[in-house]
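So the sequence shown is numbered by this note's numbering: it starts at 995 and just counts up by one.
Yeah, the Cβ is synthetic: ideal placement off N, Cα and C, and Gly gets one too.
Everything numeric in this text was worked out from a predicted model, so none of it was measured.
Step one of this worksheet: look at the structure below.
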Amino acid sequence: MCNERHGLLLVVAVTWGAATAGLCAEDADRFRVFTDRDDHRAEARLTNFNQQTGVVTLRSREGKSGQFPLLSFSAHDQDYIRARFVPRSWTSVDGRTTSPLAYGGIEGSVVMLVPKTGKTLRTEFSNLSPIDQAFLRRIDPDAAPALPEADGDMGTDPPPKTGTASEEPSRPNPNLVQKYAEQRTWTIDGNRSLDARFVARQNGTVVLELPDGPKRSISASSLSAADADYIQDFEAKIRALTQHHPCQSAAIRVSARDGQQSPARQVHLSSDGTRLAVTYGDYEVRGLRYFDAAKGTVLGAHELPERVRHLDGGRQAFTFVGSGDAIALATVEEIRGPQSLEVYGVAVMSLNGIVQRSSPRIGTTARHNRSALKLSPEGRQLAFAYHVSNSDRTTSVEVAILDTASLERLQALTAPVSGSSGTGTGPSLTFSPDGR
């Protein structure tokens, strides 16, 4: 079975010194079966991954080391190797996000997460978000705890073995990519930036969608390392979501009360991973429908009250709040006069469609611009942002930090928008891991 063509099975002796780069100590990793793209397998220990050259080093039980291109491994093993050496953010079941940490393995039910410096963080597998749990079950199925028994008729299949050719995923589900890909700024050739959403990656080319709809193909080698890491992590999450929540891979279309078909516009997952909220409508967002994220069953639906509907081409900023039993939505009220004004605010609505509380007026603009809404990791604050077109033709972004319980404004910030970013591109918001 050993030949020069299938490098994973050709383990050659090389000199291995102390100058290895990476976070994964050799004595912290175990022997496991690695699979290449031709479904050839070899048992080895992962000792190093050089991110600059894309070369992976494995060591056999006999003590011989071999070096192989990352792309020669199965997709599952590629994600496993990256997780061991490339720090990524992890999310807890209650929505808290860590600083970048590498995956250090699983001991029983305890997951080890490794910082660049300092002590290894240990946390129960069940403390991780459903998406991160699914990610670990996919890349490290032999170490991850078994799936719990499902209720009703939802049968549970055992997780697939690591990376066989027939089970290996190709492109992530395009429907889920479209729903979950966020607008972000991409760095191209080190000195150009582009605001776009990720669409696909194939044959060394990355396809991005611009805010006004056109798609642009860009060589993957021209993207920054941070952009490449984002794509790897995003695709891994989508594959995990597809595998362990297959009901979410179908395109969702919902009906308005008048019986007319209205397309789903945006999807949001609750912090505990149990609920999906979907907005629907044509030009105007008309309502919300809620789904059980594991089973795909409808939990409820309602139309939005007139005063919280958002005229934004079918887009409306919203997020789950509390324990996932309410939704915070951005609202826009039009004031007509010699100069029409748009008044921005935030409303919190129960899942049965009752508005529980509304914020005072947050800001006013002379034209309608897109907005963004983000809940802090601990859930106590909401950040609301919207673009403002200034009289000198520049654009700035206004940010209001609100108390989630009262919707009172705690802080207001203003920042200029640099480059070619316009009001057609919605602002992007994120809290630091500690919520500050």
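Helix, strand or coil, according to DSSP, for residue i in the structure here?
| i | result |
| --- | --- |
| Arg1076 | helix |
| Val1171 | helix |
| Ala1190 | strand |
| Pro1410 | strand |
| Thr1086 | Just to set this straight, residue 1086 is Ser in the shown sequence, not Thr. If DSSP states are grouped into helix, strand and coil, Ser1086 belongs with the strands. |
| Ile1356 | coil |
| Ser1054 | coil |
| Ser1068 | coil |
| Ser1120 | helix |
| Gln1467 | This structure leaves residue 1467 out entirely; the chain is present only between 995 and 1430. |
| Leu1130 | helix |
| Val1297 | Correcting the residue identity first, residue 1297 is Glu in this sequence and not Val. DSSP places Glu1297 in strand when its eight states are reduced to three. |
| Asp1030 | strand |
| Asp1286 | strand |
| Gln1226 | helix |
| Arg1374 | coil |
| Arg1233 | helix |
| Cys1018 | Bear in mind that the predicted position of Cys1018 carries a pLDDT of just 44, short of 50, making it unreliable; the figure below should be weighed with that in mind. It is coil, neither helix nor strand. |
Going by other Cβ atoms of all chains shown within 10 Å of its Cβ, with 16 needed for buried, is residue i buried or exposed?
| i | result |
| --- | --- |
| Ser1123 | buried |
| Thr1047 | exposed |
| Asp1183 | exposed |
| Ile1232 | buried |
| Val1315 | buried |
| Val1049 | exposed |
| Leu1270 | buried |
| Gln1405 | exposed |
| Thr1325 | buried |
| Ile1348 | exposed |
| Thr1388 | exposed |
| Glu1229 | buried |
| Ala1219 | exposed |
| Asn1346 | exposed |
| Gly1098 | buried |
| Pro1081 | buried |
What is the rounded straight-line gap between the Cα of residue i and the Cα of residue j?
| i | j | result |
| --- | --- | --- |
| Thr1408 | Glu1392 | 5 angstroms |
| Pro1431 | Asp1221 | The structure shown does not extend to residue 1431, since the chain is modelled only from 995 to 1430, so the question has no answer here. |
| Leu1263 | Lys1058 | 46 angstroms |
| Leu1335 | Val1272 | 28 angstroms |
| Ser1390 | Arg1355 | 19 angstroms |
| Gly1146 | Thr1291 | Because Gly1146 carries a pLDDT of 38, less than 50, the predicted location of this residue cannot be relied on, and no value is offered for it. |
| Gly1198 | Asn1044 | 20 angstroms |
| Trp1180 | Lys1368 | 21 angstroms |
| Val1087 | Leu1095 | 17 angstroms |
| Ser1370 | Ala1322 | 13 angstroms |
| Glu1118 | Ile1125 | 15 angstroms |
| Thr1114 | Thr1041 | 18 angstroms |
| Val993 | Phe1062 | Examination of residue 993 is not possible in this model, given that the chain is present from 995 through 1430 alone. |
| Pro1205 | Leu1298 | 26 angstroms |
| Ser1352 | Ala1190 | 32 angstroms |
| His1381 | Arg1403 | 18 angstroms |
| Asn1384 | Thr1358 | 12 angstroms |
| Ala1214 | Tyr1224 | 12 angstroms |
| Ile1329 | Ser1365 | 18 angstroms |
| Leu1065 | Ala1194 | 17 angstroms |
| Thr1029 | Gln1196 | 21 angstroms |
| Tyr951 | Ala1379 | Outside the displayed range of the chain (995 to 1430) lies residue 951, so it cannot be described from this structure. |
| Ala1217 | Val1200 | The displayed chain sequence assigns Leu, not Ala, to residue 1217. Rounded to whole angstroms, Leu1217 to Val1200 spans 9 angstroms at the Cα level. |
| Gly1089 | Ala1128 | 16 angstroms |
| Arg1055 | Arg1076 | 22 angstroms |
Tell me, please, which residues DSSP counts as bridged to residue i.
| i | result |
| --- | --- |
| Pro1063 | Val1049 |
| Gly1347 | DSSP, once it has assigned bridges, lists no residue as partnering Gly1347. |
| Gln1196 | Thr1199 |
| Tyr1380 | Ser1365 and Glu1392 |
| His1262 | Ala1271 |
| Thr1431 | Any property of residue 1431 remains undetermined from this structure, which presents the chain solely from 995 to 1430. |
| Phe1329 | The displayed chain sequence assigns Ile, not Phe, to residue 1329. In the DSSP output, where bridge partners are listed per residue, Ile1329 has Leu1335. |
| Lys1110 | DSSP output for Lys1110 lists no bridge partner at all. |
| Ser1211 | Val1201 |
| Ala1341 | Leu1323 and Ser1352 |
| Ala1137 | Bridge partners of Ala1137: none, in fact. |
| Thr1431 | This structure cannot settle anything about residue 1431, because the visible part of the chain is limited to 995 through 1430. |
So does residue i have its beta carbon nearer than 6 angstroms to some heavy atom of the ligand COA?
| i | result |
| --- | --- |
| Tyr1338 | Annotation note on the ligand COA: not contained in the displayed structure, which lists no ligands. |
Using a beta-carbon distance below 7 angstroms, is residue i in contact with chain D?
| i | result |
| --- | --- |
| Ser1383 | In the structure shown, chain D does not exist; there is a single protein chain. |
Item to check | the stretch 1371-1378 touching the stretch 1389-1405, judged by at least three CB pairs closer than 8 angstroms | outcome: yes
Next on the checklist: Under 8 angstroms, with one C-beta from each stretch per pair, do the stretch 1067-1077 and the stretch 1126-1142 reach the 3-pair mark?
Outcome noted: Result yes; three or more Cβ-Cβ pairs closer than 8 angstroms.
Item to check | Any 3 or more C-beta pairs closer than 8 angstroms across the stretch 1192-1209 and the stretch 1101-1115 | outcome: The way I'd put it, the stretch 1192-1209 doesn't touch the stretch 1101-1115; fewer than three beta-carbon pairs between them come closer than 8 angstroms.
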